[in-house]
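Per the working numbering, the sequence shown runs over residues 1 to 204.
Backbone N, C-alpha and C fix where the C-beta goes; we use that ideal spot for every residue, glycine too.
Note that the coordinates shown come from a computational prediction; the quantities given were computed from them, not determined experimentally.
Reviewing the structure listed below.
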Amino acid sequence: MNIAGRPFIFLAVAVLGCSAGLALIGPASADVAPRKTAPTVAPHTDDGSPAKSRTIRVEAQLQVGEEIDLGATGRSVGDQFVFSGKLMSTETEGHSVGRIGGFCVIDDLERNAGQCVSTAVLAGGQITIQGEQAGIPAPSPVVNAITGGTGEFRNARGQVVQRVLTPATWRLTFEVSDVQSHQMGDARDPFEAPMPMPPSFPGK
């Protein structure tokens, strides 16, 4: 009789176990809520205030514009164009707001194009620029990338729209994102160094 009763006991235990398992699984499945997407956090500055965007319009007046013939004589891949000058306000005539300098390396003779890198020095810090330009040394209208900066522009990103008015005068519009708050301790006059006076634009 004991032997005959064991299968019944095992079956009863198995049925009760399955029922208990279903009871546990059912409510748990019902209580599972869809995962919510975390809200997007706006960028903030070091002091916790929201980062700002800024549009800076200036006119670059070049005082140096040198074409450097490297390698084969005449225009060839690897030649450079080195430039520097003052950044003038487009709102207040005759008011200097900074300076700019950089260089381009020719890599496309057919389009007279090359890779250019430059740095704009402003009262709040520096902004670095990089990209391709065609028509060097008087490039066609172009949009290049802002790759970084210092001071108020230490987290800067965005773009610069460049338009050449004359070989020695360029109109630049900086569209800068993530501009930081001004740090009084970092304030320096970026225009203390003397600028070279005689402009130079020799051709090959």
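C-beta contact flag for residue i and residue j at 8 Å
{"i": "Ala145", "j": "Ile127", "result": "no"}
{"i": "Ser84", "j": "Ile100", "result": "yes"}
{"i": "Glu93", "j": "Ala113", "result": "no"}
Residue burial classification, residue i (beta-carbon count within 10 angstroms, cutoff 16)
{"i": "Leu109", "result": "exposed"}
{"i": "Ser118", "result": "buried"}
{"i": "Pro141", "result": "exposed"}
{"i": "Ala72", "result": "exposed"}
{"i": "Val143", "result": "exposed"}
Three-state class that DSSP yields for residue i in the structure shown
{"i": "Gly151", "result": "helix"}
{"i": "Ala23", "result": "Bear in mind that the predicted position of Ala23 carries a pLDDT of just 40, short of 50, making it unreliable; the figure below should be weighed with that in mind. Reduced to three states, the DSSP call for Ala23 is helix."}
{"i": "Leu70", "result": "coil"}
{"i": "Ser177", "result": "strand"}
{"i": "Gly135", "result": "coil"}
{"i": "Gly102", "result": "strand"}
{"i": "Ser76", "result": "coil"}
{"i": "Glu110", "result": "coil"}
{"i": "Ser140", "result": "coil"}
{"i": "Glu59", "result": "strand"}
{"i": "Ile92", "result": "The displayed chain sequence assigns Thr, not Ile, to residue 92. Here Thr92 sits in coil by DSSP."}
{"i": "Gly124", "result": "coil"}
{"i": "Ala168", "result": "coil"}
{"i": "Ala156", "result": "coil"}
Distance between beta carbons of residue j and residue i, contact taken as under 8 Å
{"i": "Thr150", "j": "Gln130", "result": "Going by Cβ atoms, the distance from Thr150 to Gln130 rounds to 15 Å, so no, they are not a contact pair."}
{"i": "Gly124", "j": "Glu152", "result": "4 Å"}
{"i": "Val82", "j": "Glu59", "result": "About 20 Å separates the two Cβ atoms, so there is no contact after all."}
{"i": "Ile106", "j": "Gly78", "result": "7 Å"}
{"i": "Leu122", "j": "Gly98", "result": "4 Å"}
Residues of its chain near residue i, where Cβ-Cβ distance is below 8 Å and the 5 sequence neighbours each way are ignored
{"i": "Thr169", "result": "Glu59, Ala60, Gln61 and Leu62"}
{"i": "Thr55", "result": "Thr173, Phe174, Glu175 and Val176"}
{"i": "Phe103", "result": "Gln80, Phe81, Val82, Phe83, Cys116, Val117 and Ser118"}
Cβ-based neighbour list, residue i, same chain, cut-off 7 Å, excluding 5 preceding and 5 following
{"i": "His95", "result": "Met88 and Ser89"}
{"i": "Val164", "result": "Ala138, Pro139 and Trp170"}
{"i": "Arg111", "result": "Ala134"}
Cutoff 6 Å; reference residue i; Cβ partners in own chain excluding five residues on either side
{"i": "Val179", "result": "Lys52, Arg54 and Glu152"}
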